[in-house]
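Per the working numbering, the sequence shown runs over residues 3 to 787. Using N, Cα and C, we set each Cβ at its ideal position, and we do this for glycine too.
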Amino acid sequence: WALVGTAGAVGLAVYLSRSQSRLVTLRPLGWALAVAAATIALGAARDADWRDRPADSVVHLAALAPLDDRQPTLLWGTVRDVPIRSEWSVRFALDADSAGRGDQRVTVSDAVQVSLHHDEGTLVYPALRPGDRVQLAGRLEPLPRPRNPAQMDYGAYLQRQGIQAVLRVEDETGVAFLAPSRQPVARVADASRRHVRRVLAQHIPTPETRGLLLALLLADRSAIGTDTMDAFRETGLMHLLAVSGLHVGLVGLTLYVLLKPVLGRIGVSRQQAERARAGATLALLALYVVVAGASVSTVRAFVMVSVLILGRVADRRVDTLNALGVAAFGILLHRPAALFEVGFQLSFGAVAAIVTLTPLLTTIVPDRIRQSATGTFLAGSVATSIAATLGTAPALLAHFGRLPLGGLLLNVPAIPLTGLTLGGGIGAVVLAPLPPLAAAMGGFADASGRLLLWITESGATAFGWAVYERPLDTPSAWIASALVLTALALWRRPAARRQLALASVAVVAVGLWSGFAKGESAPTFDAVFLDVGQGDATLLSMPNGRHVLIDAGIRSPYVDQGERVIVPHLDRFGIRRLDALILTHADADHIGGAQTVLEHVPVGRLVVNGASGESDLWANVLRTADSLRVPIDTVSAGDTLAVDPSVRVRVLGPSGPMGSTNDASIVLRMEHGRTRWLLTGDAEAAGEAAVVRRFGGALASDVVTVGHHGSQTSSTPALVEAAGRPSFAVVSVARRNRYGLPHEEPLGRWTATGADVRLTSEDGAVWLRSDGATVEPVDWRSGER
């Protein structure tokens with residue numbers, strides 16, 4: 003990157019020296035390109051330096067620690083942030099300085115994400131605060147990778163926070179408190195948090211509003227219920243829960259305004275008063291940033307307010323976009339990976355759009371509406387809401403594939419109510435020494451907070467349908483959308499607007515051309531073997547755009563893989579209908595998520611093997627299908643399923659009544675062009691023998707699924723021999739399971755055929771694609787589809 007920057011500077015110098023005598027040159031464009039190249043080179047160099055881990059980084063120790071090693075790793079370090087308690091764990095970041103195993107102890111650096119598990123709800127850990135020194139014993143692991151294509155890359159998120167490994171502590175004896183925090187700022191911040199919690203518990207009568215205020219004041223959303231959080235997401239009002247400009251303004255600028263008359267009364271000169279106001283306000287805001295967790299939006303708001311206040315002190319005019327640029331530069335200089343975080347993109351995109359687009363949108367409103375104060379307020383609120391929605395749309399569609407539109411209207415009452423709720427909460431905290439006044443402010447905050455929650459939940463019911471769902475899954479689409487927004491912001495500059503519009507068209511054209519050149523427009527047959535733990539779920543996408551789901555994973559009191567894995571995958575890739583849901587047999591690890599899937603998307607038909615399941619889960623699946631009027635088809639060996647003319651789907655099993663539910667599994671063979679696919683379900687020796695006996699000469703395949711999760715009772719020599727020399731053998735199995743699966747013997751048989759054996763326990767979801775001639779794996783983690 004240093005060479006890139008140097009080469010750009012040299013090229014610019016040569017061009018400028020040769021163009022000095024010319025009347026018409028591209029010198030302005032050259033300067034602009036040089037500045038852009040230098041900025042990119044500087045940013046990339048800083049990012050590379052930030053990502054380069056030292057030799058003593060804990061990331062190297064985590065990479066050497068095998069997952070099945072039961073000897074705990076000891077870590078010594080300092081608690082970095084406020085521990086967050088969830089239903090099953092307590093999480094916090096630890097700045098590690100030492101690590102050990104057995105008698106060995108070494109010096110380490112970098113932060114570790116610590117999870118203190120309490121699955122039974124009975125484990126009691128020491129109360130830890132930022133700055134406390136602790137000793138921890140647990141299982142040290144590398145950062146997690148996403149297990150499925152629609153899953154958030156939590157490991158990359160942690161890495162962008164400077165966290166390099168994960169430590170899982172399973173027992174309270176693994177946590178030893180060594181010493182309290184010695185950091186004055188951390189101790190003051192912790193005391194402030196405890197004071198806020200105590201005041202809210204005392205003066206906010208409604209638990210729901212109390213949880214809302216904890217989110218607004220301390221960025222702690224743990225007390226907000228799941229249904230309420232879903233309502234905020236579905237209405238596009240999640241930004242209200244992020245500590246940002248509104249919060250910083252109420253906390254800091256209120257003090258800044260109130261200090262002016264006070265200092266004037268005691269005879270302080272104007273210049274001294276400005277400095278005193280600035281110093282006190284910035285000190286309070288800095289403390290609040292620490293108390294609220296120093297999120298990107300909080301730091302951004304703090305920097306912008308600081309620039310504004312310091313500009314007032316220096317009698318300088320401050321441009322809002324310049325202040326926004328200073329905030330971005332400071333954050334990225336400190337932590338360059340923040341550029342790729344959705345929080346950074348949403349925060350800066352929203353503010354930039356509000357500053358540039360709101361004045362433009364307001365001018366569209368007729369003058370007669372803006373003549374009254376109410377009309378001006380409503381016009382400004384709607385314009386601000388539209389601008390913020392446009393500014394955040396690219397990031398939301400790129401990361402989540404959906405853009406809630408209900409907030410366009412709901413923001414108008416919700417934003418003022420948020421300000422009133424927040425103001426009441428701040429008043430209760432400040433007036434805590436005067437209980438009657440604190441109670442009055444708490445009651446006001448409770449009333450406005452309950453109204454805000456009612457609007458949010460009612461809005462989710464009324465506007466839940468108002469969602470635009472189409473992911474921006476290519477860089478060209480994202481860049482083009484950003485160029486279009488910039489063109490809107492520069493609407494009053496026709497030349498710039500026209501150039502940006504043409505640039506966006508060019509970017510889209512290049513993206514389409516590159517996709518065409520790569521063959522992305524050609525129809526393909528895709529099979530995604532989802533990682534649903536100890537279960538099965540395979541999504542087939544046909545060349546004609548139809549989709550078939552085979553099995554739906556497990557459902558337990560702790561997890562529903564239909565809700566956790568399958569439905570998010572369908573949503574992320576815009577799959578609005580399943581033409582068939584095939585349940586190979588009635589075992590819980592194959593039908594667990596079926597009810598959720600049936601309730602979430604329209605299903606053309608439910609395909610079963612005809613064997614009667616005896617579980618309540620199976621009965622609920624059939625009852626749900628019947629209530630939704632989903633046709634139920636029973637199939638057996640010899641049947642075919644019509645889904646796509648270019649894909650032949652044949653049923654090879656079961657051949658009749660079998661001795662076990664596993665042997666009664668539906669066995670499928672698919673043919674797409676010259677490629678062959680064999681999906682065996684949980685068929686064991688008897689079921690496989692029946693298939694080989696009837697179809698042995700037609701079982702040669704390019705892709706096979708290893709039966710019964712790699713159990714010794716399946717993958718018999720006869721079936722493996724009949725399958726020929728497959729290119730891929732896929733095993734759906736959990737990373738840790740009580741059955742000890744997969745077994746080495748069946749894996750060895752498939753490996754001996756020359757097959758590339760892929761386990762969901764190791765690879766996560768396995769995505770295979772056929773063009774009719776060959777089968778190739780899709781590297782979904784790299785973003786290439």
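Write down the C-beta distance between residue i and residue j rounded to the nearest angstrom, noting that I regard them as a contact closer than 8 Å.
i: V567; j: A539; result: 7 Å
i: S117; j: V168; result: 7 Å
i: T230; j: E210; result: 7 Å
i: S111; j: S59; result: 6 Å
i: V353; j: A294; result: Not really, about 18 Å apart at Cβ, beyond 8 Å.
i: G673; j: R650; result: Here residue 673 is Glu; the residue named in the question, Gly, does not match the sequence. At roughly 4 Å, the Cβ-Cβ gap stays under 8 Å, so E673 and R650 are in contact.
i: G409; j: S383; result: The Cβ separation is near 12 Å, so there is no contact.
i: A416; j: L239; result: 6 Å
i: G537; j: D591; result: 4 Å
i: V292; j: A191; result: 5 Å
i: S224; j: I86; result: 6 Å
i: A329; j: L310; result: Not a contact, Cβ separation roughly 11 Å.
i: G451; j: T423; result: 4 Å
i: V706; j: L680; result: 5 Å
i: H119; j: E172; result: 5 Å
i: A282; j: L257; result: 7 Å
Looking at the unbroken alpha helix (DSSP H) that takes in residue i, where does it start and where does it end?
i: D97; result: No alpha helix (DSSP H) holds D97; the beta strand (DSSP E) holding it covers 91-103.
i: L118; result: L118 -> not in any alpha helix (DSSP H); beta strand (DSSP E) instead, spanning 113-119.
i: R751; result: 746-754
i: P396; result: 375-401
i: L261; result: 256-267
i: D628; result: 618-629
i: R574; result: 569-574
i: A434; result: Segment: none, A434 is in no alpha helix (DSSP H) and carries neither H nor E.
i: A700; result: No alpha helix (DSSP H) holds A700; DSSP gives it neither H nor E.
Please go through the same chain and pick out, in chain order, the residues whose beta-carbon is closer than 6 Å to the beta-carbon of residue i, but skip the five residues on each side of it.
i: L532; result: N150, A539, V567, A767
i: A691; result: none
i: W769; result: V530, V780, W782
i: G345; result: V298
i: A666; result: H587, N611, A613, P656, M660
i: V152; result: The question names Val, yet the displayed sequence has Ala at residue 152. Answer for A152: P570, H571, R574, listed in chain order.
On the DSSP bridge assignment, give the partners of residue i in chain order.
i: L770; result: A529, P779
i: V793; result: One cannot answer for residue 793 here, as it falls past the ends of the chain, which runs 3 to 787.
i: S543; result: D528, H549
i: G140; result: T75
i: V469; result: P406
i: G655; result: V669
i: I584; result: I552, V609
i: R650; result: E673
i: Q167; result: It is Ala, not Gln, that sits at residue 167 in the sequence shown. Looking at the DSSP assignment, A167 forms a beta bridge with V114.
i: I86; result: R93
i: R737; result: BP columns for R737 are empty, so no partner.
i: L743; result: Answer by DSSP bridge pairing: none, since L743 is not bridged.
i: S59; result: S111
i: L643; result: V651
i: T80; result: D97, R135
i: R557; result: D562
For residue i, report the span of its beta strand (DSSP E) as first-last.
i: R195; result: Here R195 belongs to no beta strand (DSSP E); instead the alpha helix (DSSP H) covers 186-205.
i: D758; result: 758-761
i: L474; result: That residue, L474, is in no beta strand (DSSP E); it is neither H nor E in DSSP.
i: R107; result: 106-109
i: T636; result: 634-636
i: A788; result: Since the first residue of the chain shown is 3 and the last is 787, residue 788 is not available in this structure.
Is any beta-carbon of chain C found at less than 9 Å from that of residue i?
i: V609; result: Absent from the structure is chain C; it holds one protein chain and no more.
Using a Cβ-Cβ cut-off of 8 Å (strictly less than) and excluding sequence neighbours within five positions of residue i, which residues of its own chain qualify?
i: L323; result: A354, V357, T358
i: D70; result: Confidence at D70 is low in this model, with a pLDDT of 48, below 50, so the placement of that residue is unreliable and no value is reported for it.
Sorted by chain position, which residues of the same chain lie with C-beta nearer than 7 Å to residue i's C-beta, five sequence neighbours on each side aside?
i: T41; result: none
i: W3; result: A43, A46, A47, A50
With hydrogens ignored, establish whether the beta-carbon of residue i is closer than 8 Å to any heavy atom of the ligand ZN.
i: P437; result: For the structure depicted, the ligand ZN is absent and the ligand set is empty, with no information on it obtainable.
Review point. Hey, is the segment 585-597 in contact with the segment 610-621, meaning 3+ C-beta pairs nearer than 8 Å?
Key: Yes: at least three Cβ pairs fall under 8 Å.
Review point. Below 8 Å, can you find three or more Cβ-Cβ pairs linking the segment 250-257 to the segment 298-318?
Key: The segment 250-257, when compared against the segment 298-318, does touch it at the 8 Å Cβ threshold.
Practice item. Would you be able to state if there are at least three C-beta pairs under 8 Å between the segment 724-735 and the segment 753-761? Key: Between the segment 753-761 and the segment 724-735, the count of C-beta pairs closer than 8 Å reaches three or more; the two stretches touch.
Check your understanding: Should the segment 538-555 be regarded as contacting the segment 499-512, the criterion being three or more beta carbon pairs within less than 8 Å?
Key -> When Cβ pairs closer than 8 Å are counted between the two stretches, the segment 538-555 is seen not to touch the segment 499-512, the count staying below three.
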